[in-house]
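Residue numbers (UniProt numbering): 1 to 178.
Structure (structure tokens):
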């Protein structure tokens, strides 16, 4: 009985039938994970660059505006219009805008919380000699669901309770003198 098992195991070890299938079965999941991670990383980079570009263009429009006061929803909608990769923009994009004194810097919370928090943008009206300009910092937070949420890079991204990933963009601008 033992001799028969030894002979069967020796014969099995010498045969090379199916060896390519075994290598394929071991290696293909690693290649698929690399491929899916590459696609996921590319989409994350596209979303990040589109968010930053849209925020920068919106801030540029705010700086060059004719003095009309901009509200949170109007700024958010403009960022959404300029960015092509924000799905459900009204619910997935949050803005935070705060005023900072460059001579008495207090800083802002380094962790954006993706909650709509805003101070009104002061409209450009008149110039008063000697008055300092006002520095405004604006941050945008976009949340999205990764395509491959449990595989490769999508599984390693930091997610909230809903399984959504946060992307941030920030910009600063100085209000024109009054």
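Quick reminder that beta carbons are idealized off the backbone N, C-alpha and C, glycines included.
Own chain partners of residue i with C-beta closer than 8 Å, once the 5 adjacent residues on each side are dropped
i: residue 53; result: 82 and 83
Straight-line gap, residue i to residue j (C-alpha atoms, nearest Å)
i: residue 56; j: residue 142; result: 15 Å
i: residue 51; j: residue 31; result: 30 Å
i: residue 15; j: residue 8; result: 11 Å
i: residue 111; j: residue 28; result: 39 Å
i: residue 46; j: residue 159; result: 18 Å
i: residue 17; j: residue 148; result: 35 Å
i: residue 48; j: residue 103; result: 31 Å
i: residue 174; j: residue 62; result: 10 Å
i: residue 4; j: residue 11; result: 11 Å
i: residue 73; j: residue 107; result: 25 Å
i: residue 43; j: residue 99; result: 33 Å
Any chain D beta carbon closer than 8 Å to residue i
i: residue 161; result: The structure shown contains no chain D; it holds only a single protein chain.
Three-state class that DSSP yields for residue i in the structure shown
i: residue 85; result: coil
i: residue 99; result: strand
i: residue 172; result: strand
i: residue 140; result: strand
Residues of its chain near residue i, where Cβ-Cβ distance is below 6 Å and the 5 sequence neighbours each way are ignored
i: residue 78; result: 58
i: residue 89; result: 80
Contact set for residue i: own chain, Cβ-Cβ below 7 Å, skip 5 residues either direction
i: residue 164; result: 143, 144 and 145
i: residue 130; result: Here the model assigns residue 130 a pLDDT of 26, short of 50, so the residue's position is not dependable and the matter cannot be decided.
* Asked: Would you call the segment 14-28 and the segment 135-146 in contact, with 3 or more CB pairs under 8 Å?
  -> no
* **contact_flag[the segment 32-51, the segment 151-160] where n(CB pairs < 8 Å) is 3 or more** => yes
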